[in-house]
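Participant: Residue numbers (this note's numbering): 113 to 604.
Backbone N, C-alpha and C define an ideal beta-carbon position, used for all residues, glycine too.
Small disclaimer: the values here were computed from a predicted structure and weren't measured.
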Ligand code: B12
Ligand code: SF4
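1. Suppose the cutoff is 8 Å on Cβ atoms and the five residues either side in sequence are ignored; what does the same chain contact list for residue 267 look like?
2. Pull up the DSSP beta-bridge partners for residue 492, would you.
3. If you draw a straight line from the C-alpha of residue 394 to the C-alpha of residue 418, how long is it?
4. Check whether the Cβ atoms of residue 332 and residue 212 sit closer than 7 Å, and answer yes or no.
5. When DSSP builds the beta bridges, which residues end up paired with residue 189?
6. Please list the terminal residues of the continuous alpha helix (DSSP H) segment that includes residue 482.
7. Leaving out five residues on either side along the sequence, give the residues of the same chain with a beta carbon under 7 Å from the beta carbon of residue 328.
8. Could you tell me which of 420, 246, 304 and 251 sits nearest to residue 311, measuring between CA atoms?
9. For a test of the three-state rule: what should DSSP assign to residue 594, helix, strand or coil?
10. Hey, is residue 425 close to ligand 2, as in C-beta under 6 Å from one of its heavy atoms?
11. Between residue 364 and the rest of its own chain, which residues show a CB-CB distance below 7 Å, the 5 nearest in sequence each way excluded?
12. For residue 132, is the beta carbon positioned less than 6 Å from some heavy atom of ligand 1?
13. Which stretch, first to last residue, makes up the beta strand (DSSP E) that contains residue 280?
14. Per DSSP, which one or two residues make a beta bridge with residue 270?
15. Just checking residue 517 against ligand 4 - is the residue's beta carbon closer than 6 Å to any of the ligand's heavy atoms?
16. So, helix, strand or coil for residue 296, using DSSP?
17. Using C-beta distances below 6 Å, list every residue in its chain close to residue 486, excluding the 5 sequence neighbours before and after it, in chain order.
18. Given the structure, does residue 334 come close to ligand 1, in the sense that its CB is under 6 Å from one of the ligand's heavy atoms?
19. Quick check on this structure: which residue in 296, 292, 428 and 437 has the alpha carbon closest to the alpha carbon of residue 444?
20. In three-state terms, what does DSSP make of residue 263?
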């Protein structure tokens, strides 16, 4: 019988600057839903999948390789975010050395946005799947197994002789209800090991679900290349079945909906809320929304159905910048949505970015004033990063953006700065905005009461504090005068 094993790898990536490892205790440890979906689909077709979540388990590349060698799989599937490309490459090189017969297939947001360039550059990847991989991966595996012609598989990129070929089409699942449930059973230590960021959920266990795919908007900083503009939804009944399964099999109590536009369809949200209320399962859940798709009556129902937090892509306190981003939103609308959400008793998480082209000291002041004015409970500020696949990447590429910034594209490094501002200055503003929001007595009180209510978070905070202390001591002992960033060699 032929070897049907396929090992899926989520490669390690640089989450934050080297030397800040302790931050891991408070950051998001969600598994790759993409790999869970792919594993479920290939299993349905007789393949034997395994998943390695290397980052969550702090695995080195050697440790990943040890696991892969143990399996000697016929195929390895690696999910590629831009930030993880170099580590994925190192893993692929090792596989080629130690298991030369294993076929390496890649996919994920980096491939959906830069597939051809990536395959031309890295000979270690054998095949790449553009877009949503479930059906195409199965087709590709079957072709490889039977010695068929890869040109017959749509939406793939591969090398033949000296040339890289891309077949027509981009994989998209029209009916999400047709997909099997994500293979949560394959995750080691699920759900215990997969906790989101601190204070971003009331209590565990937690799981993630993408209840829809696609987004019709074209915000210039956003990479929508995997799912595209056509929005497809799971039916509320199937979403509810997934939640019920997670409760019954794994005791999951909180769900994080990771789709871009969870609240895009009022009808579907209303139906899911109704199912949740009737079920009496008492889930809490969080989701994302645009500021213009939310209404007070929907919010009221969502609250009743257990909605705990809504993330809004607020981005900035400047209308001028929102316009430059093609966000199709205004600060006034953002403020109204946050007010309505808070009035409904739901926490609001504001997703902001600093350093977008056109950012000035004035827009930074506007953002600072905005975040202090609105009743937001948690603020997530990322450093503007032009991800491949986003329209702004194409605008900026060829200025001072380079592909060798890839391993730093984690939203925690400024790889670009607007005219008239240095990265150092931006870094200072970054701290100042966060301080302006968090360093207020009312936020202190809010987080103290949250900690009393959900003491689990305090433990994580303590681990973080101890880690920070240890890093400081190490830094002084090594003559780095308390500086935490460690000069580290680039992986390539
Ligand atoms: C949930 C989420 C997270 C979670 C979970 C991450 C994870 N490993 O999946 C957390 C919070 C940890 C996270 C972290 C980060 N994220 Co994030 N995240 C998302 C989000 C909102 C949903 C992802 C998801 O679950 N989709 C549903 C699943 C089913 O889709 P999928 O994973 O893409 O997989 C499908 C295809 O890509 C493909 N596929 C994927 N892998 C493979 C492998 C093979 C072999 C094949 C054949 C196919 C294939 O098939 C899958 C099934 O259809 C997306 C936005 C979005 N719309 O996708 C951003 C997004 C993926 N994140 C992004 C970024 C930048 C990051 C971070 C770098 C930091 C940050 N600022 O958020 C880190 C890096 C994490 C990492 N591992 O490298 C960008 C990626 C851009 C890029 N070019 O790299 C996105 C697209 C947001 C955006 N619009 O800009 N993220
Ligand atoms: S930021 Fe949100 S609304 Fe804008 S394109 Fe991305 S997913 Fe869509």
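Facilitator: On the basis of the coordinates in this document:
1. Residues 241, 242, 243, 248, 279, 280, 281, 282 and 283 of the same chain have their beta carbon placed closer than 8 Å to that of residue 267, with the five preceding and five following residues left out of the count.
2. DSSP lists 463 as partners of residue 492.
3. Approximately 7 Å between the Cα atoms of the pair.
4. In this structure, residue 212 does not lie closer than 7 Å to residue 332 by Cβ.
5. For residue 189, which the question treats as bridged, DSSP gives the partners 120 and 217.
6. Under the DSSP assignment, residue 482 falls in the alpha helix (DSSP H) whose first and last residues are 473 to 485.
7. Excluding positions up to five away in sequence, the list reads 341 and 343.
8. Of the listed residues, the one whose Cα sits closest to residue 311 is 420.
9. Secondary structure at residue 594: coil, using DSSP grouped into helix, strand and coil.
10. For ligand 2, at least one heavy atom lies less than 6 Å from the Cβ of residue 425.
11. In the same chain as residue 364, and ignoring 5 residues on each side of it, the C-beta atoms closer than 7 Å to its own belong to 303, 317, 318, 319 and 358, in chain order.
12. Residue 132 Cβ: outside cutoff for every heavy atom of ligand 1.
13. Neither: residue 280 is in no beta strand (DSSP E) and is coded neither H nor E.
14. Beta-bridge pairing links residue 270 to 239 and 277.
15. Questions concerning ligand 4 fall outside what the structure shown contains, since the ligands it does hold are ligand 1 and ligand 2.
16. In the three-state reduction of the DSSP assignment, residue 296 falls in the helix class.
17. Only 447 and 450 meet the Cβ criterion.
18. Yes, the beta carbon of residue 334 sits closer than 6 Å to at least one heavy atom of ligand 1.
19. If we check each option's Cα against that of residue 444, 428 comes out closest.
20. For residue 263, the secondary structure class from DSSP, reduced to helix, strand or coil, is helix.
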